[in-house]
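Asks: Let me give you the structure first, and then I'll get to my questions.
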Amino acid sequence: MKQTLELYFITSGELPKESIEHLTQFISKYEQDLNSKRPKGKFTIELSEIKDKKIVLSLNSVDSYAPHTIVLRMRKQLAQEIGKKYKIGLRGFKFIKYEIEKKLKLEPKREFTLPLTSKLEFFKKEDEPWARIEIDPEIEEDFVEKGAIERILRRINDKISKDYHGAKKEHHTVAWYSGEKKLLTSKNPTKLLEKEGWIKRTNYRNQWILTPSITAVIEAIKKIMVEHVYTPLNYQKMMIPKLVDWSIWLRSGHAEGMFQGGFEPYFVVQPKSANPEFFEEIADYITITKTIPEDKLYEKITPPIGGLSYAQCPPFWAWLQGKTIAKESLPILVYDWSGPTYRYESGSAYGFERVDELHRIETLFIGTPKQVKEVATETRKKLREVFDRIFDLEVREAKVMPWWLEQSAKDEEEEDMLVGTIDFETYMPYRGSREESEWLEIQNISIIGDKYPRGFSVKTEGGKDLWSGCGGGSFERFITAFVSQKGLKTDEWPEPFLKYLDNIPEPPKFL
Ligand code: ATP
Ligand code: MG
Ligand code: ZN
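Residue numbers (the numbering used here): 1062 to 1572.
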């Protein structure tokens, strides 16, 4: 790696002429110290000039320190040096030119640009792929301090390797299978539900009205889950917010995956003002034309402040953020079904199994690594019981590693239930044979490691490791899976399921 940085420090006043000699000495001593601490590679600093309240430096590194980290480090000592001697303060720094040449792990398949860089080009040296990066000299000091340059360099390799692996396929291995079950239909479940009048598509993409009939079935599923999963495992019911501001998605890491294949949020905006006068012309326009003046309206709203709940559990963490949890309060086990979550699913013509407004049960558990593994294992067992014995579904469990877990999982060795995800998948007869058709994921259960506690600065007594895990399954998926195997003749439904079902209201008759 080769890095050259030209920059200036800004001083509060004009430094006298003789300061050149003094600071040249200071800097050459600083340079010597650095090189003696790190014999490998080569690092030089030169004082180019002092004028117009600027101390201009040039830093060169070959396989040695990153120049900007040295700038951050020497800042304090330099400030002391000129403060003591000339009673002049140091105001900060500004880059003139920062060029980095870095060897790449893989050869890039395309050109791309990155924020905060003014140039990014690829070239070959001794048959190896390299990148030449120029950092935008206008980069804010604050970003440099907080690691933006390191992340630019990492991002280059990440983007290149993503082009090799494509939209990374989840690694998928079947860990358990219920065996073949009695299938009562091979019809499309969405069509069956629509025909029976249990669900109705709205005007809006992938959104459905859930009538009293299907809601009665959902209530039965809730009862089953409480009796078979939550009560025996001591989960507590709570209500997690469903409007999520950026601060949450920044900490949970979701924001950086936005529309990159795994996080497709609905955005939320605010009015720029809530004054009646501010919206008066809009109201007038709608009254007169009975249409929405979209362009005019757009001028009156803010950029998104965040979005609608996507993964359900991230906003939970604002509760524990910055806290240290007493050992006696662990593990914490909760579940939430207090409202829908929203996903902008790509494409718009899906059935009931892939909706934009979905109703999920989310379970969430926090504890020591041992507790989290135990809870995940127990929850997985209970969920298996529900799907296999009570719903009587033909279902399998698959071990997968979703993108958002890859980073946390890197340090873990192979074991049955470590950081990673178990997906419950059901066979959908209408899609074809067991071997060739795509099965439907109805529920997942994940061990996430310390990703969330770290992201939200949650600690535990004595600084011990704190882990979390979570799982979710939507009523839309449960019912689609069930109806695709058992049909809609309710008297044929499995006995253990019927036990929880009171009465299914008849839909209204339409003339
Ligand atoms: P898929 O790969 O099928 O899109 P996913 O990996 O996006 O699923 P997760 O993010 O793991 O799903 O969410 C967990 C659960 O949420 C799923 O098992 C499923 O029950 C439910 N779910 C996810 N997306 C939808 C959707 N669009 N409509 C209905 N339920 C959904
Ligand atoms: Mg999905
Ligand atoms: Zn979750």
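Heads up, the beta-carbon is just placed ideally off N, CA and C, and yes, glycines get one too.
Relative to the alpha-carbon of I1036, which residue among S1498, Q1064, L1501, R1415 has its alpha-carbon at the smallest distance?
Replies: The question about residue 1036 has no answer here: the residues shown for the chain are numbered 1062 through 1572.
Asks: Once DSSP output is grouped into helix, strand and coil, what is the label at E1474?
Replies: The sequence position of residue 1474 within the sequence shown is 413, counting from 1. Interpretation of E1474 is limited by its pLDDT of 47, a score under 50 that renders its predicted location unreliable; no figure is taken from the coordinates.
Asks: Return yes when the C-beta of S1535 is under 7 Å from any heavy atom of the ligand ATP, and no when it is not.
Replies: Along the sequence shown, one-based indexing puts residue 1535 at 474. S1535 Cβ: within cutoff of the ligand ATP.
Asks: Skipping 5 residues on each side, what residues in its chain have a beta carbon closer than 6 Å to that of Q1297?
Replies: Start at 1 with the first residue of the sequence shown, and residue 1297 comes out as number 236. Closer than 6 Å at the Cβ level, and outside the excluded window around Q1297, lie V1395.
Asks: Could you say which of Q1093, K1550, P1169, E1553 lies nearest to D1224 if we only look at CA atoms?
Replies: Locating residue 1224 in the sequence shown gives position 163, counting from the first residue. Ranking the options by Cα distance to D1224, first place goes to P1169.
Asks: Taking the alpha carbon of I1270 as the reference point, which residue from E1142, S1390, P1401 has its own alpha carbon closest?
Replies: Working through the sequence shown from its first residue, we reach residue 1270 at position 209. It is P1401 whose Cα lies nearest to the Cα of I1270.
Asks: Measuring only the C-alpha atoms, how far is P1250 from T1541?
Replies: Position 189 of the sequence shown, counting from 1, holds the residue named residue 1250. Position 480 of the sequence shown, counting from 1, holds the residue named residue 1541. Rounded to the nearest angstrom, the two C-alpha atoms are 6 Å apart.
Asks: Any idea what DSSP makes of V1123, helix, strand or coil?
Replies: Counting from one through the sequence shown, the residue named residue 1123 turns up at place 62. Three-state DSSP puts V1123 in a strand.
Asks: Assign P1305 to one of three DSSP states: helix, strand, or coil.
Replies: As a working note, residue 1305 is residue 244 in the sequence shown. In the sequence as displayed, the identity of residue 1305 is Val instead of Pro. The answer is strand: DSSP assigns V1305 an E or B state.
Asks: Specify the secondary structure class of F1539 as computed by DSSP and reduced to three states.
Replies: On the sequence shown, residue 1539 is found 478 positions in, with the first residue counted as 1. F1539 falls in the helix class under three-state DSSP.
Asks: From I1260 to I1362, what does the alpha carbon distance come to, in whole angstroms?
Replies: Mapped onto the sequence shown, residue 1260 falls at position 199. Mapped onto the sequence shown, residue 1362 falls at position 301. Roughly 34 Å separates the two Cα atoms.
Asks: Please report the distance separating the alpha-carbon of E1475 from that of M1462.
Replies: As a first step, residue 1475 is located in the sequence shown; it is residue number 414 there, counting from the start. As a first step, residue 1462 is located in the sequence shown; it is residue number 401 there, counting from the start. Only weak support is given to the placement of E1475: the predicted model assigns it a pLDDT of 48, under 50, and the value that follows is read from those uncertain coordinates. Taking the straight line from one Cα to the other gives about 12 Å.
Asks: Do the CB positions of I1506 and L1444 come within less than 8 Å of each other?
Replies: Here residue 1506 refers to the residue found at position 445 when the sequence shown is read from its first residue. Here residue 1444 refers to the residue found at position 383 when the sequence shown is read from its first residue. The answer is yes: Cβ separation under 8 Å.
Asks: Tell me whether the beta-carbon of F1434 lies closer than 8 Å to the beta-carbon of I1508.
Replies: Walking along the sequence shown from the start, residue 1434 turns up at place 373. Walking along the sequence shown from the start, residue 1508 turns up at place 447. The sequence shown places Lys at residue 1434, not Phe. Closer than 8 Å, so yes.
Asks: Would the beta-carbon of E1423 be found less than 7 Å away from any heavy atom of the ligand ZN?
Replies: The count along the sequence shown starts at 1 and reaches residue 1423 at position 362. Yes, since a heavy atom of the ligand ZN falls inside the 7 Å radius drawn around the Cβ of E1423.
Asks: Is E1182 near the ligand ATP, in the sense that its beta carbon is under 7 Å from a heavy atom of that ligand?
Replies: Walking along the sequence shown from the start, residue 1182 turns up at place 121. No, the beta carbon of E1182 sits no closer than 7 Å to any heavy atom of the ligand ATP.
Asks: What would DSSP say about W1310, mapped onto helix, strand or coil?
Replies: Numbered from its first residue, the sequence shown carries residue 1310 at position 249. Three-state DSSP puts W1310 in a helix.
Asks: Who are the Cβ neighbours of R1495 in its own chain at under 7 Å, not counting the five residues just before and after it?
Replies: As a position in the sequence shown, residue 1495 is number 434, starting the count at 1. The answer, listed in chain order, is Y1488.
Asks: Classify K1115: buried if its beta carbon has 16 or more other beta carbons within 10 angstroms, exposed otherwise.
Replies: The count along the sequence shown starts at 1 and reaches residue 1115 at position 54. So K1115 ends up on the buried side.
Asks: Rounded to the nearest angstrom, what separates V1544 and L1559 at their Cα positions?
Replies: Within the sequence shown, the letter at position 483 stands for residue 1544. Within the sequence shown, the letter at position 498 stands for residue 1559. Computed Cα separation, rounded: 14 Å.
Asks: My parser needs the alpha helix (DSSP H) runs of 4 or more residues fully inside the region 1495-1519; what are they?
Replies: The qualifying runs are 1512-1516.
Asks: Residues in the same chain with beta-carbon distance under 7 Å from L1139, minus the five sequence neighbours each way, listed in chain order, please.
Replies: Reading the sequence shown from its first residue, position 78 is the one you call residue 1139. So the qualifying residues of the chain are F1070, L1151.
Asks: Run through the DSSP bridge pairs and tell me what Q1297 is partnered with.
Replies: On the sequence shown, residue 1297 is found 236 positions in, with the first residue counted as 1. DSSP output for Q1297 lists V1395 as bridge partner(s).
Asks: For A1335, is the beta carbon positioned less than 7 Å from some heavy atom of the ligand ZN?
Replies: Here residue 1335 corresponds to residue number 274 of the sequence shown, with the count starting at 1. No, the beta carbon of A1335 sits no closer than 7 Å to any heavy atom of the ligand ZN.
Asks: Would you list the residues sitting across from V1329 in a DSSP beta bridge?
Replies: By one-based count along the sequence shown, residue 1329 stands at place 268. DSSP, once it has assigned bridges, lists G1367 as partnering V1329.
Asks: For K1219, count the other beta carbons within 10 Å of its own beta carbon; 16 or more makes it buried, fewer makes it exposed. Which is it?
Replies: Translated into positions along the sequence shown, residue 1219 becomes position 158. Residue identity differs from the one stated: residue 1219 is Asp in this sequence, not Lys. Flag for D1219 reads exposed.
Asks: Pull up the distance between the alpha-carbon of S1407 and that of E1418, whole angstroms please.
Replies: Taking the first residue of the sequence shown as position 1, residue 1407 is located at position 346. Taking the first residue of the sequence shown as position 1, residue 1418 is located at position 357. Distance between the alpha carbons of S1407 and E1418: 13 Å.
Asks: To which residues does DSSP link R1171 through a beta bridge?
Replies: On the sequence shown, position 110 is the one that residue 1171 refers to. In DSSP, R1171 forms no bridge with anything.
Asks: How big is the Cα-Cα spacing for P1077 and A1379?
Replies: Looking up residue 1077 in the sequence shown gives position 16. Looking up residue 1379 in the sequence shown gives position 318. P1077 and A1379: Cα-Cα distance of roughly 53 Å.
Asks: Measuring CB to CB, does W1528 end up less than 8 Å from G1510?
Replies: The sequence position of residue 1528 within the sequence shown is 467, counting from 1. The sequence position of residue 1510 within the sequence shown is 449, counting from 1. The answer is yes: Cβ separation under 8 Å.
Asks: Report yes if the CB atom of Y1371 is closer than 8 Å to the CB atom of F1320, and no otherwise.
Replies: Walking along the sequence shown from the start, residue 1371 turns up at place 310. Walking along the sequence shown from the start, residue 1320 turns up at place 259. No.
Asks: Is the beta carbon of I1149 sitting closer than 8 Å to the one on I1143?
Replies: If you number the sequence shown from 1, residue 1149 lands on position 88. If you number the sequence shown from 1, residue 1143 lands on position 82. In contact: I1149 and I1143 (Cβ atoms closer than 8 Å).
Asks: Any heavy atom of the ligand ATP inside 7 Å of the beta-carbon of L1419?
Replies: Locating residue 1419 in the sequence shown gives position 358, counting from the first residue. Correct: L1419 has its Cβ closer than 7 Å to the ligand ATP.
Asks: Can you tell which of K1098, D1113, P1128 has its C-alpha closest to the C-alpha of T1105?
Replies: Within the sequence shown, residue 1105 is the residue found at index 44, counting from 1. Of K1098, D1113, P1128, the residue nearest in Cα terms is P1128.
Asks: Tell me whether the beta-carbon of A1459 lies closer than 8 Å to the beta-carbon of H1233.
Replies: The count along the sequence shown starts at 1 and reaches residue 1459 at position 398. The count along the sequence shown starts at 1 and reaches residue 1233 at position 172. Cβ distance < 8 Å, so A1459 and H1233 count as in contact.
Asks: Taking the Cβ atom as the reference point for each residue, do S1274 and P1490 lie within a distance shorter than 8 Å?
Replies: If you number the sequence shown from 1, residue 1274 lands on position 213. If you number the sequence shown from 1, residue 1490 lands on position 429. Their beta carbons are not under 8 Å apart, which means S1274 does not touch P1490 by this criterion.
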